[in-house]
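Chains as they are written, first to last, in this note's numbering: chain A, 2 to 118; chain B, 186 to 365.
Where is the CB? At the ideal position from N, CA and C, for every residue including glycine.
Input: a single structure, listed below in structure tokens.
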């Protein structure tokens with residue numbers, strides 16, 4: 002699976018977008034996304050509310066996520082990832098895998114040489 | 186106890202304004218209302234709240250702004266007040282702090298909005314200044330030269346603000362080359 006399409010869709014996702022997509026594999030509202038992302042990253046990534054709002058608007062526009070019809074007359078809107086969004090997340094996963102493998106090969110390979118010297 | 190402070194901050198020094206509000210909070214004065222150059226504080230616990238301000242794309246009553254403000258409130262922040270397109274939020278200080286923006290892109294977008302507005306006002310003032318100067322050259326009249334000079338002086342001030350914002354944005358854009 003190493004096809005390369007030079008389209009916008011193969012450009013790296015931002016960390017915020019990637020984590021929002023992961024968080025939305027199950028439906029969540031805004032604050033829930035912030036908490037889930039903090040959990041997933043063991044407290045490293047704290048999405049700020051304004052940034053999250055902007056990202057959600059863009060993701061909705063692109064059809065990568067949907068807003069679920071309001072349940073139990075709660076005013077907080079819930080969002081969920083779409084099949085298209087899942088495809089984007091999967092593309093990103095293979096891109097990250099490539100970054101990781103190359104990093105391990107070169108960075109850890111170099112460390113190994115240093116250890117021998 | 187309440188305290189009212191009259192103070193003027195320009196649109197391009199909103200970060201300074203934010204810092205000042207947070208310093209007041211650290212001293213135990215919590216902002217409770219904003220007006221034109223007018224800040225109302227209530228006595229509270231030192232450092233109880235963290236304040237953030239933002240310029241929205243629309244006036245606070247606009248449906249989009251209402252939606253946005255509600256979204257921010259749903260994340261545990263409070264909408265303290267608004268002034269024109271500026272909104273003031275606060276959140277109880279916690280270990281994770283309180284920020285409206287967590288990446289460079291959204292900071293740049295926010296600065297862009299302010300730049301457009303400041304640039305527009307700068308253009309209007311500059312054109313009026315030129316208009317008065319031309320009027321003075323062709324008809325004389327003290328009124329024209331006085332108005333023209335006032336416009337040019339104000340224009341210079343706003344021009345300074347524009348450059349200040351622009352450089353701030355450029356710094357962020359450079360940083361973006363390295364990371365998000």
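Where residue i falls: helix, strand or coil (DSSP)
{"i": "residue 285/B", "result": "coil"}
{"i": "residue 188/B", "result": "strand"}
{"i": "residue 195/B", "result": "coil"}
{"i": "residue 227/B", "result": "strand"}
{"i": "residue 6/A", "result": "The pLDDT assigned to residue 6/A is 48, lower than 50, so where the model puts this residue is not dependable; a value taken from the coordinates is nonetheless given after this. Of the three classes helix, strand and coil, the one that applies to residue 6/A here is coil, per DSSP."}
{"i": "residue 341/B", "result": "helix"}
{"i": "residue 216/B", "result": "strand"}
{"i": "residue 14/A", "result": "coil"}
{"i": "residue 118/A", "result": "With a pLDDT of 43 at residue 118/A, under the threshold of 50, the modelled position of this residue cannot be trusted, and the question is left open."}
{"i": "residue 320/B", "result": "helix"}
{"i": "residue 349/B", "result": "helix"}
{"i": "residue 104/A", "result": "helix"}
{"i": "residue 110/A", "result": "helix"}
{"i": "residue 221/B", "result": "coil"}
Residue i burial status per 10 Å Cβ neighbour count (16 or more: buried)
{"i": "residue 219/B", "result": "buried"}
{"i": "residue 29/A", "result": "buried"}
{"i": "residue 301/B", "result": "exposed"}
{"i": "residue 31/A", "result": "buried"}
{"i": "residue 215/B", "result": "buried"}
{"i": "residue 309/B", "result": "exposed"}
{"i": "residue 107/A", "result": "exposed"}
{"i": "residue 25/A", "result": "buried"}
{"i": "residue 331/B", "result": "exposed"}
{"i": "residue 345/B", "result": "exposed"}
{"i": "residue 237/B", "result": "buried"}
{"i": "residue 163/B", "result": "Since the first residue shown for chain B is 186 and the last is 365, residue 163/B is missing from the structure and cannot be characterised."}
{"i": "residue 82/A", "result": "buried"}
Reference residue i; option with closest CA among the options
{"i": "residue 213/B", "options": "186/B, 266/B, 287/B, 242/B", "result": "186/B"}
{"i": "residue 221/B", "options": "228/B, 207/B, 215/B, 189/B", "result": "189/B"}
{"i": "residue 297/B", "options": "334/B, 280/B, 347/B", "result": "347/B"}
{"i": "residue 44/A", "options": "207/B, 281/B, 246/B, 273/B", "result": "281/B"}
{"i": "residue 200/B", "options": "362/B, 355/B, 299/B", "result": "299/B"}
{"i": "residue 77/A", "options": "252/B, 322/B, 304/B", "result": "252/B"}
{"i": "residue 67/A", "options": "39/A, 14/A, 22/A", "result": "22/A"}
{"i": "residue 279/B", "options": "268/B, 262/B, 266/B", "result": "262/B"}
{"i": "residue 70/A", "options": "79/A, 63/A, 100/A", "result": "79/A"}
{"i": "residue 257/B", "options": "50/A, 36/A, 41/A, 95/A", "result": "50/A"}
{"i": "residue 305/B", "options": "196/B, 191/B, 192/B", "result": "196/B"}
{"i": "residue 12/A", "options": "89/A, 110/A, 104/A, 98/A", "result": "89/A"}
Quick check for students: name the residue ranges of the beta strand (DSSP E) that lie wholly in the region 232-317 of chain B, counting only runs of 3 or more.
Runs of the beta strand (DSSP E) inside the region 232-317 of chain B: 234-240, 263-268, 271-277.
Where in the region 24-92 of chain A do unbroken runs of the alpha helix (DSSP H), each at least 4 residues long, occur, reported from the N-terminal end onward?
Correct list: 31-41, 50-63.
What residues in the region 26-40 of chain A have a beta carbon less than 8 Å from any beta carbon of chain B?
30, 31, 32, 35, 39
For the region 50-62 of chain A, list every residue whose C-beta sits within 7 Å of some C-beta in chain B, in sequence order.
Near chain B, meaning a CB-to-CB distance below 7 Å, the residues of the region 50-62 of chain A are 50, 51, 52, 54, 55.
Name the residues in the region 241-258 of chain B whose C-beta lies less than 8 Å from a C-beta of chain A; which are they?
253, 255, 256, 257
Just by C-beta distance, which residues in the region 11-23 of chain A are closer than 9 Å to chain B?
15, 16, 17
Report the residues of the region 260-277 of chain B with a CB closer than 8 Å to any CB of chain A, ordered along the chain.
Against chain A - using a Cβ distance shorter than 8 Å - the residues of the region 260-277 of chain B are 260, 261, 262.
Can you give me, in chain order, the residues of the region 89-109 of chain A that have a beta carbon less than 8 Å from any beta carbon in chain B?
none
Chain A contacts from the region 287-298 of chain B (Cβ-Cβ distance under 9 Å):
287, 288, 290, 291, 292, 294, 295
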